[in-house]
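Going by full-length UniProt numbering, the first residue of the sequence shown is number 1, and it counts up by one from there.
Every residue gets a Cβ at the ideal spot worked out from N, C-alpha and C, and that includes glycine.
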Amino acid sequence: MEYPNTPEKQDLVSKSFLIMMLEDFKKDMNNSLREQVEAYREESQKCLKESQKSLKEFQENINKQVEAHREETQKSLKEFQENTIKQWKELKMEIEAIKKEHMETTLDIENQKKRQGAVDTSFTNRIQEMEERISGAEDSIEIIDSTVKDNVKRKKALPEPDQYRCGCLATYRTECGDPNGGVRRRTEGAEGVCKPTGRTTISTNQTPQFPGTNPPTKEEPMAPATYVAEDGLIWHQWEGRSLVLWRLDASV
């Protein structure tokens with residue numbers, strides 16, 4: 001290579017050399033940049049493919065999870081619906097049973113009220129009947145008491161004799177089977193009512209031999225025997241349910 005001798009030539013050579021170097025540098029830079037771009041492009045393509053692959057896998061996993069969750073949700077919803085329908089049917093049956101039991105209880109209560117009403121009516125009738133019988137018995141006692149007092153007055157009006165004989169004067173008869181508790185009065189003579197079979201004389205100085213000293217009462221019914229009172233009146237049981245009034249008359 002020949003070197004220029006003059007400065008002008010040297011400058012031209014230097015410029016030419018510098019231009020060549022710049023061209024080479026430019027080529028090298030372009031080549032390097034091209035290589036880097038290619039490499040970056042390849043790397044980017046590779047990363048993009050990997051990203052797409054990862055995204056696809058992620059989407060597939062998400063889809064699988066969503067599908068599994070959907071199936072599980074549908075299964076749970078179906079079970080819930082079945083259980084709800086079953087509970088609703090059981091509740092409906094229980095309500096029907098309660099309604100039936102309520103109707104039976106109401107009917108039973110109505111029947112009991114009807115029976116109770118009939119029982120109350122029966123009790124009321126029996127109480128009324130007992131009250132009527134008690135009232136009739138009280139009337140009978142009043143009549144007997146009045147008769148006793150009348151006979152006492154008659155006895156006091158008689159002369160004082162030495163001896164007495166037993167005679168039947170009147171009969172007051174109470175029929176226990178009479179629902180009204182009434183008293184039937186009989187005033188037949190001694191032969192028609194008492195029909196005595198014998199004559200009994202009692203001295204005024206003797207104590208009458210009878211198993212009792214007081215007339216019978218309603219609370220203490222008579223035994224099959226005869227009673228004598230202090231006023232000379234004799235009470236005797238007649239036909240099991242009747243009261244026969246006797247008085248000691250003066251003997252002839």
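For residue i and residue j, what's the separation of their Cα atoms in angstroms?
{"i": "K27", "j": "C47", "result": "29 Å"}
{"i": "Q45", "j": "L77", "result": "46 Å"}
{"i": "V37", "j": "N31", "result": "10 Å"}
{"i": "K12", "j": "A39", "result": "Checking the displayed sequence, the identity of residue 12 turns out to be Leu instead of Lys. Approximately 40 Å, taken between the alpha carbons."}
{"i": "N111", "j": "H102", "result": "14 Å"}
{"i": "K92", "j": "D108", "result": "24 Å"}
{"i": "Q59", "j": "E82", "result": "34 Å"}
{"i": "S135", "j": "N125", "result": "15 Å"}
{"i": "I19", "j": "E43", "result": "35 Å"}
{"i": "K89", "j": "T121", "result": "48 Å"}
{"i": "L130", "j": "K99", "result": "For clarity, residue 130 is Met in the given sequence; the question names Leu instead. Cα to Cα, the separation comes out at about 46 Å."}
{"i": "T73", "j": "I62", "result": "16 Å"}
{"i": "D24", "j": "E8", "result": "24 Å"}
{"i": "R133", "j": "G117", "result": "24 Å"}
{"i": "E96", "j": "E67", "result": "43 Å"}
{"i": "D145", "j": "E138", "result": "10 Å"}
{"i": "S51", "j": "E79", "result": "41 Å"}
{"i": "L55", "j": "E35", "result": "29 Å"}
{"i": "F123", "j": "V148", "result": "37 Å"}
{"i": "P208", "j": "D150", "result": "Here P208 scores only 39 on pLDDT, less than 50, and its place in the model should not be relied on; the value that follows carries that caveat. The straight-line gap from Cα to Cα measures roughly 22 Å."}
{"i": "I85", "j": "R115", "result": "45 Å"}
{"i": "E94", "j": "E57", "result": "54 Å"}
{"i": "H69", "j": "K75", "result": "10 Å"}
{"i": "Q128", "j": "E104", "result": "36 Å"}
{"i": "F17", "j": "L33", "result": "24 Å"}
{"i": "K15", "j": "L22", "result": "10 Å"}
{"i": "E71", "j": "T106", "result": "52 Å"}
{"i": "K53", "j": "Q87", "result": "50 Å"}
{"i": "M29", "j": "R41", "result": "17 Å"}
Could you name the residues of the same chain whose beta carbon sits closer than 7 Å to that of residue i, not counting the 5 residues immediately before and after it, in chain order?
{"i": "K113", "result": "none"}
{"i": "K153", "result": "none"}
So for residue i, helix, strand or coil by DSSP?
{"i": "K15", "result": "helix"}
{"i": "M222", "result": "With a pLDDT of only 42 at M222, under the threshold of 50, the placement of this residue in the model should not be trusted; the figure read from the coordinates follows. Three-state result, M222: coil."}
Leaving out the 5 sequence neighbours to the left and right, which residues in its chain are closer than 6 Å to residue i when beta-carbon positions are compared?
{"i": "Q65", "result": "none"}
request  = Kindly provide the ranges of any alpha helix (DSSP H) runs that are 4 or more residues long and lie completely inside the region 35-88, ordered along the chain.
outcome  = none
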